[in-house]
Amino acid sequence: MMKTKSTRNVFAVLTVLVISLFFSGCGRKSDPIVVDENPTTGTGDKIEDDTDDGYLVVVVSDQQKQQLRFGVDAERLWFWRSGNKDELAKAAVGDMQSDYVRVAINAAYEREYGNKNESAYHEILEMMTAMRAANPNIKFFASPRPLHEAYNSQEAADVWGPGNTPWSPFPAWIQQWRQDGTAVRDGITVPKWVKSYFDSDAWVQYYADYLNFMHDKGFDIAYMDVTNEQTIITPALTKYLYENMPAKLNIGVQMPLLVTPSSWNTQGGINWLDAVDQSKGEHLVFAVAASHNTGEGGSLEEFVAKATQLGAEPWNSELHGWVGTDDLKQEIMTSTVFWEHLRAGYSGIDTWLFFGSLAGRPHSMINSNGVIIEKAGKYEIFKQVVNNANRGYYVDIPCPTEESITAAFIKDKVLSIWILNRGQDKIESVKFRMPGHGDFESKVEVIKWQEDLPKSGDEYDVNMATSTSFVTDIEGESLYFFKLNIK
């Protein structure tokens with residue numbers, strides 16, 4: 003509820019409460035859009051009676067929701083380049099004050115049991131060293147890299163059949179496989195592999211060995227995925243890892259916070275959380291409940307509700323669908339999936355993947371050939387979110403039209419308001435009201451992204467209409483960031 007002592011504000015308060023029922027689905031065509039058409043807004047004991055006639059009024063809540071942390075996904079390093087590693091790291095965690103970097107637990111280190119290959123971590127350690135130099139406070143989030151990345155194409159063909167390595171984040175001596183007939187892949191007959199025995203003790207030791215190794219190299223791991231889109235890891239196995247791994251860690255090695263289930267889609271995460279047995283304390287062993295949206299299916303809001311009920315932070319640790327190409331319009335429009343996750347209540351997000359080739363990739367934020375770096379529009383947008391909201395809080399905000407989607411954050415004395423207009427038509431005369439936050443400086447800093455603008459956007463100021471409101475138009479197919487400084 004908004005903070006006000008005046009009875010003249012009752013209507014405005016009730017309106018905001020009604021709006022909050024619809025926040026998370028804002029901008030989806032099937033959901034109702036509720037806008038406060040003509041409120042009387044209060045700031046403490048002070049009533050501002052400026053007219054709202056002719057405006058679309060959007061009231062930004064002053065109630066803090068989930069705390070936010072944003073990361074960089076460097077689990078694959080296909081396009082990491084040693085030639086400009088310092089510049090790449092500076093862009094990732096220096097210029098952009100990211101909270102964590104997602105890094106790989108590499109199956110190539112011990113692809114065959116007992117045969118350890120430290121060179122499998124050379125590039126990963128180089129990247130981590132550069133990241134820490136760029137930002138000494140950066141945290142590392144370890145996630146098991148898929149098994150097929152541990153082989154070259156000929157090795158994989160010899161062991162599994164051409165293009166036929168089964169999906170697994172663990173070496174085959176942990177998650178074992180057996181042949182069950184054959185299948186045809188791209189016209190070639192190959193073995194059909196099905197899951198066999200899962201060696202839980204070997205899995206625990208494998209993870210403990212990784213943490214010990216990283217500690218020996220000077221790195222502690224803050225977060226660790228118990229799996230990566232592999233459905234074999236149950237809540238019971240997660241508890242087994244939590245209870246048995248600490249005894250296998252060397253003196254001084256930090257026990258990371260566990261992240262699970264990092265499901266292939268949202269529905270898979272919901273199903274996994276449904277299987278958690280609280281009577282056995284299975285909800286107490288993981289700090290983060292993560293989903294991916296590699297595939298479709300599942301309600302973001304339902305996943306958040308279930309994670310929150312179990313006492314875990316809801317993350318998407320592999321956000322797909324927000325493209326990073328040379329087409330700025332596409333980068334703007336596909337940011338919808340990012341805003342939808344935040345509106346649904348997700349607190350942690352990193353987008354897959356951060357680094358790409360100079361020729362461009364459909365997902366990356368930074369593209370490089372080892373000499374030149376190009377920053378995608380997606381990077382410039384994400385950087386503004388990270389630098390103004392990381393470790394801050396989400397606050398509720400409605401959408402003025404069905405074609406728009408909004409988000410808002412509060413961190414220290416900065417209120418960030420974002421609005422994406424996916425429609426072609428301009429949204430005219432939008433009045434943003436921010437009661438309960440205190441009075442704001444007279445100028446609102448604005449960055450606008452649109453198809454024909456630079457990737458870093460167009461920067462300008464608008465004047466506050468009152469001490470707690472401002473008015474603006476929102477151009478079609480454009481994204482706006484409004485930065486308001488609280489006095």
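Residue numbers for the sequence shown follow our numbering, beginning at 3 and rising by one. Cβ atoms here follow ideal geometry from the backbone N, Cα and C, with glycine treated the same way.
Selected residue, minimal CA-CA separation from residue i, among the options
i: residue 59; options: 368, 400, 485, 227; result: 400
i: residue 179; options: 306, 199, 420; result: 199
i: residue 252; options: 211, 426, 239, 388; result: 211
i: residue 56; options: 475, 481, 371; result: 475
i: residue 376; options: 90, 70, 53, 150; result: 90
i: residue 201; options: 282, 195, 177; result: 177
i: residue 63; options: 81, 410, 216; result: 410
i: residue 140; options: 392, 320, 269; result: 392
i: residue 156; options: 147, 148, 146, 167; result: 167
i: residue 319; options: 260, 482, 206, 483; result: 260
i: residue 232; options: 274, 219, 257; result: 274
i: residue 147; options: 120, 104, 121; result: 104
i: residue 169; options: 116, 359, 109, 470; result: 109
i: residue 487; options: 450, 473, 436, 106; result: 436
i: residue 477; options: 425, 270, 241, 132; result: 425
i: residue 219; options: 80, 130, 415; result: 130
i: residue 366; options: 67, 323, 344, 254; result: 323
i: residue 440; options: 468, 464, 348, 270; result: 468
i: residue 490; options: 144, 171, 77; result: Given a span of 3 to 489 for the chain in the structure shown, any question on residue 490 remains unanswerable.
i: residue 1; options: 88, 143, 461; result: This structure cannot settle anything about residue 1, because the visible part of the chain is limited to 3 through 489.
i: residue 269; options: 182, 383, 291; result: 291
i: residue 384; options: 78, 356, 431, 403; result: 356
i: residue 181; options: 195, 484, 173, 136; result: 195
i: residue 479; options: 449, 428, 162, 73; result: 428
Reduced DSSP secondary structure (H/G/I, E/B, other) of residue i
i: residue 203; result: helix
i: residue 208; result: helix
i: residue 431; result: strand
i: residue 31; result: Low local confidence applies: a pLDDT of 39 at residue 31 is under 50, so the model's placement there is unreliable, and no value is given.
i: residue 457; result: coil
i: residue 339; result: helix
i: residue 244; result: helix
i: residue 325; result: coil
i: residue 369; result: strand
i: residue 474; result: strand
i: residue 381; result: helix
i: residue 443; result: coil
i: residue 2; result: Coverage of the chain is limited to positions 3 through 489, which leaves residue 2 absent and any answer about it impossible.
i: residue 485; result: strand
i: residue 359; result: strand
i: residue 2; result: Beyond the ends of the chain as shown, which are 3 and 489, falls residue 2; an answer cannot be given.
i: residue 59; result: strand
i: residue 146; result: strand
i: residue 465; result: strand
i: residue 480; result: strand
i: residue 349; result: coil
i: residue 448; result: strand
i: residue 278; result: coil
i: residue 172; result: coil
i: residue 344; result: helix
i: residue 54; result: coil
i: residue 216; result: helix
i: residue 251; result: coil
i: residue 154; result: coil
In DSSP terms, what residue i is bridged to
i: residue 407; result: 422
i: residue 396; result: 411
i: residue 131; result: Note: residue 131 sits in no beta bridge, so no partner.
i: residue 194; result: DSSP output for residue 194 lists no bridge partner at all.
i: residue 259; result: 225
i: residue 179; result: 197
i: residue 273; result: Beta-bridge pairing links residue 273 to no other residue.
i: residue 232; result: Bridge partners of residue 232: none, in fact.
i: residue 66; result: 397
i: residue 185; result: 192
i: residue 141; result: 102
i: residue 416; result: 413, 487
i: residue 265; result: 293
Residue i: CB within 7 Å of a non-hydrogen atom of the ligand ADP
i: residue 293; result: With respect to the ligand ADP, the structure shown offers nothing to examine, as it has no ligands at all.
CB contact check: residue i to chain D, cutoff 8 Å
i: residue 297; result: The chain labelled as chain D is not found in the depicted structure, where only one protein chain is given.
Alpha helix (DSSP H) runs contained entirely in the region 72–126, provided each spans 4 or more residues = Whole alpha helix (DSSP H) segments, 4+ residues: 87–91.
Counting only runs of 4+ residues fully inside the region 282–320, write out the alpha helix (DSSP H) ranges in chain order.
-> 302–311
Touch check for the region 327–338 and the region 302–314: three-plus C-beta pairs under 8 Å?
-> no
Does the count of Cβ pairs from the region 80–99 and the region 179–192 closer than 8 Å reach three?
-> Flag = no, the region 80–99 and the region 179–192 do not touch.
Three or more beta-carbon pairs under 8 Å between the region 316–330 and the region 290–300, yes or no?
-> yes
Between the region 265–285 and the region 236–246, do three or more beta carbon pairs fall short of 8 Å?
-> yes
Do three or more CB pairs link the region 410–421 to the region 122–138 at distances below 8 Å?
-> No, they do not touch.
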